[in-house]
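As structure tokens, the structure follows; a few thoughts come after it.
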Amino acid sequence: MNNNSRLNKNRFKPLPEQSEEKKVGVPTSLLKSARHTGQLNLSGRSLKEVPLDVWRINLDIPSQTISLGEVDERWWDQVDLKKLILASNEIKCIPNEVKYLPALNVLDAHDNCIEYLSDEISELKELGKLHLSHNKLTSLPDSLCQATALKVLLLAGNSLQSLPVNFGFLINLEELDLSDNKLTSLPESFGSLVQIKKLDLSKNLLTSLPNSFDSLKSLINLNLSTNKLTVLPKGFGKLTSLEIFECSYNLITTFTTFDDQTNIKQLFLGYNRIQKIEDNAFEKMQSLVSLSLRDNAISEIPESFTKLRTLERADLSNNSLSTLPNAVGKMNLKSLTLDGNSMRSIRRDIVDRGTNAILAYLKSRLPEEKVPDEEIKIPKSVSKVNDNDQQKKIQENNKAVTDQFLIATTKNLSFSGGSGSIPSSFWLPGAQISKISIQHNGLTVYPLEIMNYASTLSELDISHNKLSNILDTVNILTKLVFLDLSHNVLSSLPSSISQLEHLLEVVLSFNKYSSIPPCLFKCKKLQTLLLSNNQITDIDVVGLLEMKCLRTLDLSNNNIACVPPQLGNVEWLQSLNLDGNPFRNPRAQILMKGTQNLLAYLRDRIPT
1 MNNNSRLNKN RFKPLPEQSE EKKVGVPTSL LKSARHTGQL NLSGRSLKEV
51 PLDVWRINLD IPSQTISLGE VDERWWDQVD LKKLILASNE IKCIPNEVKY
101 LPALNVLDAH DNCIEYLSDE ISELKELGKL HLSHNKLTSL PDSLCQATAL
151 KVLLLAGNSL QSLPVNFGFL INLEELDLSD NKLTSLPESF GSLVQIKKLD
201 LSKNLLTSLP NSFDSLKSLI NLNLSTNKLT VLPKGFGKLT SLEIFECSYN
251 LITTFTTFDD QTNIKQLFLG YNRIQKIEDN AFEKMQSLVS LSLRDNAISE
301 IPESFTKLRT LERADLSNNS LSTLPNAVGK MNLKSLTLDG NSMRSIRRDI
351 VDRGTNAILA YLKSRLPEEK VPDEEIKIPK SVSKVNDNDQ QKKIQENNKA
401 VTDQFLIATT KNLSFSGGSG SIPSSFWLPG AQISKISIQH NGLTVYPLEI
451 MNYASTLSEL DISHNKLSNI LDTVNILTKL VFLDLSHNVL SSLPSSISQL
501 EHLLEVVLSF NKYSSIPPCL FKCKKLQTLL LSNNQITDID VVGLLEMKCL
551 RTLDLSNNNI ACVPPQLGNV EWLQSLNLDG NPFRNPRAQI LMKGTQNLLA
601 YLRDRIPT
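full-length UniProt numbering puts the first residue of the sequence shown at 1, with every later residue one more than the last.
And the structure:
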């Protein structure tokens, strides 16, 4: 049979066959494959427009392939195109021909030069995801509101100044990203998006929100950072599913009380102009775990703050605080940051010692719960030695901490300047020690004596030594919150570290790690991980995605040659440092824009 013969049953009207050169960078083999798989990826091909045969891929079959002898592309074997990826080209519009792909479920054309979106987009009745971030759109067609199957709509990094009046018709939307546009307001119909779970409106020009906003009862993650909002709507308490609320970098002056009980777990209000926190502002936030109020002008923290029983992290740095309620000392805080305040009621040295010292000091000022100084227990073997003799023996080791009163009140042991070992008299068996600092001692062996404080030790600093390994028995330090092993010669960590379920911060900078220690991925509460100045070559994104509490990750000055786009999915990171690595992308200009911009940049480059 002649190759140009046509099956009588063929219901399609073919276009004249084009040569490879006329396909504007789209090989025939790619189109043929797409007819079988239902997916076509044309990303990164320098396309200035989408070739017509792409839009007509299910309407036209090249005539030479319709013979019975060519079984590769028989019309009855075709599937409708469901996914079309046009990302990272130079395309300027999505034309009317888009209507020829009615079965399309995913259209990804991010990182182009698109200025125009055809009204025919409404013909895509099965379109579930539309990704048009980082283009040049200034408006959206009203017809987009008829694409009611949409669940994911990504429009970040355009120049949108307004949304269609009927935008709320997109009632099945679950994720909407309108960040980095020029929106000054939202339509009242916005409140009809009752299925939306994740909403990003950051980096716009919003001064207020529509009254209907409190109808978004499915909303879990809301980002309103970097706008021009001046107040927090009291109706936010009606957003009963909201867990993460970011509203930093606005013009808010007062932290008001919400009308209803909220389920907010993470609240970020830093970099505003808040001067006053209403007395009952925190009463409706009994699920709060993380709070940032840094870089405001707050002069007083209300007593309602001390009733936040679930709060673990509070950043109050760079405000106008001079004191804190003493009841803060009874809170379950694991991290309290007060840097940049003029604290008159708390000595500077106490603030410098960190969270545990601050809480202990405040608790000691509570009259009804003031705890007398604890006595250091003396082992039975020296029980007959009087206090003076015991003190003299300790003082013989001129590097050891000998002030028992200081140890009793601060619960700290500190020793440095040794030459490869630590005097035995440094260790005080029976003492309720919460912090040990033994840096700059030239240690090559992990001190076994540390295990004597397993039931109370929360901070351990063995930095600036010569350790090449850590004992597996480290897992008995069940209270450990902070671990500093920087400036050693470590290349691995024992797997037992994964059992330290309270660990919040690990410092491993200036060692010999070639990868992120896998055991750390199982430390579910870890918030800070510092791994600068090692020999790390790759980033284990799969592992990092397990660390839902991680907020700070420092991988600067390593040997990372490639940054995987999937790193952008670790959206909960607040500080990511990749400086000083040999990778070429992302470029330095992107890194300088900060963590959130970097993560967004990476996410936009994930193939869909």
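Backbone N, C-alpha and C define an ideal beta-carbon position, used for all residues, glycine too.
| Query | Result |
| --- | --- |
| Residue of 470, 481 and 482 minimising C-alpha distance to residue 492 | 470 |
| Residue 85 - containing beta strand (DSSP E), residue span | 83-85 |
| Closest by C-alpha distance to residue 607, when choosing among 86, 354, 35 and 32 | 86 |
| Short Cβ contact (9 Å threshold) for residue 126 with residue 96 | no |
| Coarse secondary structure for residue 604, derived from DSSP in three states | coil |
| Same chain, Cβ closer than 7 Å to residue 237, five either side skipped, listed in chain order | 258, 259, 260, 261, 262 and 284 |
| Cβ-based burial, residue 395 [other Cβ within 10 Å; buried from 16] | Annotation note: pLDDT 42 at residue 395 (below 50); position unreliable, coordinate value reported separately. With fewer than 16 other Cβ atoms within 10 Å, it is exposed. |
| Among 117, 267, 256 and 161, the one whose alpha carbon lies nearest that of residue 224 | 267 |
| Proximity to residue 117 [Cα-Cα], best of 78, 31, 158 and 151 | 158 |
| Boundaries of the alpha helix (DSSP H) in which residue 541 is found, first to last residue | 541-544 |
| Segments assigned alpha helix (DSSP H), at least 4 residues, entirely inside the stretch 475-551 | 541-544 |
| Residues near residue 442 in its chain [Cβ-Cβ closer than 8 Å; skip 5 each side] | 418, 419, 420, 465 and 466 |
| Whole runs of the alpha helix (DSSP H) within the stretch 327-359, excluding any shorter than 4 residues | 348-352 |
| C-alpha gap between residue 476 and residue 501, whole angstroms | 11 Å |
| Run of the alpha helix (DSSP H) containing residue 588, from where it starts to where it stops | 588-591 |
| C-alpha gap between residue 164 and residue 98, whole angstroms | 20 Å |
| Coarse secondary structure for residue 163, derived from DSSP in three states | coil |
| Spatial neighbours of residue 568 in its chain, beta-carbon cut-off 6 Å, leaving aside the 5 residues before and after | 599, 602 and 603 |
| Cβ-Cβ separation, residue 166 to residue 610 (assumed contact under 8 Å), whole Å | In the structure as shown, the chain starts at 1 and stops at 608, and residue 610 therefore has no counterpart that could be examined. |
| Rounded C-alpha distance that separates residue 84 from residue 29 | 16 Å |
| At least three beta-carbon pairs within less than 8 Å, the stretch 536-546 to the stretch 493-512 | no |
| Within the stretch 122-148, ranges of the beta strand (DSSP E) (whole runs, at least 3 residues) | 129-131 |
| Neighbour-count burial assignment, residue 205, 16 or more Cβ in a 10 Å radius | exposed |
| Residue closest to residue 198, alpha-carbon to alpha-carbon, out of 189, 187, 191 and 177 | 177 |
| Under the three-state DSSP convention, the category residue 362 falls into | helix |
| Separation of residue 255 from residue 31, as counted between CA atoms | 57 Å |
| For residue 230, the nearest candidate out of 45, 588, 522 and 269 (CA to CA) | 269 |
| First and last residue of the uninterrupted beta strand (DSSP E) at residue 198 | 198-200 |
| Reduced DSSP category for residue 34 - H, G, I as helix; E, B as strand; rest coil | helix |
| CA-to-CA distance, residue 548 to residue 566, given in whole angstroms | 15 Å |
| Beta bridge counterpart(s) of residue 93 as assigned by DSSP | 116 |
| Nearest-angstrom Cα separation, counted from residue 348 out to residue 358 | 10 Å |
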